[in-house]
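Chemist: Below you will find the structure I want to go over with you.
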Amino acid sequence: GSHRRAASWQPSESSIHVFGISRTLRGNSLRIRTRGKGYRPAQFDEGAAVVARGDRMLLGDGLVLLERDLRIPVRDEITLSADVYRPASGEPVPAILEQVPYRKDDVAAVRDRLLGRALAERGFALVRVDVRGTGRSEGLAVDEYTEAEQEDGAETVAWLTQQDWCSGAVGAYGVSYGGFAALQLAS
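Rendered as structure tokens:
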């Protein structure tokens, strides 16, 4: 059949297009299409699109534990919302932190699910945090890259090192906003 060019592709309600990769939800499965390579199946767990606060679910044939909407307390009595993807074994592993304002529960959910599962299957925990005042995190987002966000990042790292499932090693990563947040955290 004919292939649409990525530039002319228009997402439907159940599709996401990021960086030349089309992701389409069809029932309980996820199909990923990369430019010129056709569709390939990917795992997507039933009920994953809508879950309540504090939910825990197993992914990847039970190898990955996803903990949704963990609350991270910070200095001014607000809490930040985090999703943690980690090996289900419960053994301490290094944590990889991403802090972005892109609402982990809708805008980035499919990307997070795929990346979180891949990292957890390789012995890491992905910790995806909605920055202050975005998504399910409390507080007020007054600007980008604020001093309060930077302090939140440092407090999040301290919180992570205290978790039983964290080995004490914490790294940060990101692209665009998340990359700047990671650089600010490292400085």
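Following the working numbering, the numbering of the sequence shown begins with 10 at its first residue and continues without gaps.
Ideal placement from N, C-alpha and C gives every residue a C-beta, glycine not left out.
(1) Can you tell me the Cα-Cα spacing of residue 105 and residue 141, whole angstroms?
(2) Determine the direct distance from the alpha carbon of residue 137 to that of residue 110, and round the result to whole angstroms.
(3) Can you tell me where the beta strand (DSSP E) holding residue 183 begins and where it ends?
(4) For residue 38 and residue 119, I'd like the C-alpha separation in whole angstroms.
(5) Taking C-beta to C-beta, are residue 97 and residue 116 nearer than 8 Å?
(6) With DSSP run on the structure shown, which of helix, strand or coil describes residue 84?
(7) Would you please state the rounded distance, in angstroms, between the beta carbons of residue 181 and residue 191? I believe it to be under 8 Å.
(8) Quick one: grab the DSSP three-state call for residue 150.
(9) Select from 146, 152 and 183 the residue whose C-alpha is nearest the C-alpha of residue 135.
Modeler: According to the data block:
(1) Here residue 105 corresponds to residue number 96 of the sequence shown, with the count starting at 1. Here residue 141 corresponds to residue number 132 of the sequence shown, with the count starting at 1. Looking at the two C-alpha atoms, the distance is approximately 19 Å.
(2) In the sequence shown, residue 110 corresponds to position 101, counting from 1. In the sequence shown, residue 137 corresponds to position 128, counting from 1. Whole-angstrom Cα-Cα distance: 10 Å.
(3) For the purposes of this step, residue 183 is identified with residue 174 of the sequence shown, where counting begins at 1. It is not in any beta strand (DSSP E) - residue 183 carries neither H nor E in the DSSP assignment.
(4) In the sequence shown, the residue the question calls residue 38 occupies position 29. In the sequence shown, the residue the question calls residue 119 occupies position 110. Confidence at residue 38 is low in this model, with a pLDDT of 39, below 50, so the placement of that residue is unreliable and no value is reported for it.
(5) Locating residue 97 in the sequence shown gives position 88, counting from the first residue. Locating residue 116 in the sequence shown gives position 107, counting from the first residue. Cβ distance not < 8 Å, so residue 97 and residue 116 don't count as in contact.
(6) By 1-based counting over the sequence shown, the position of residue 84 is 75. DSSP places residue 84 in coil when its eight states are reduced to three.
(7) As a first step, residue 181 is located in the sequence shown; it is residue number 172 there, counting from the start. As a first step, residue 191 is located in the sequence shown; it is residue number 182 there, counting from the start. Going by Cβ atoms, the distance from residue 181 to residue 191 rounds to 4 Å, so yes, they are a contact pair.
(8) The residue you call residue 150 lines up with position 141 of the sequence shown. Correct three-state label for residue 150: coil.
(9) The residue given as residue 135 occupies position 126 in the sequence shown. Just measuring C-alpha positions, the residue of 146, 152 and 183 sitting nearest residue 135 is 183.
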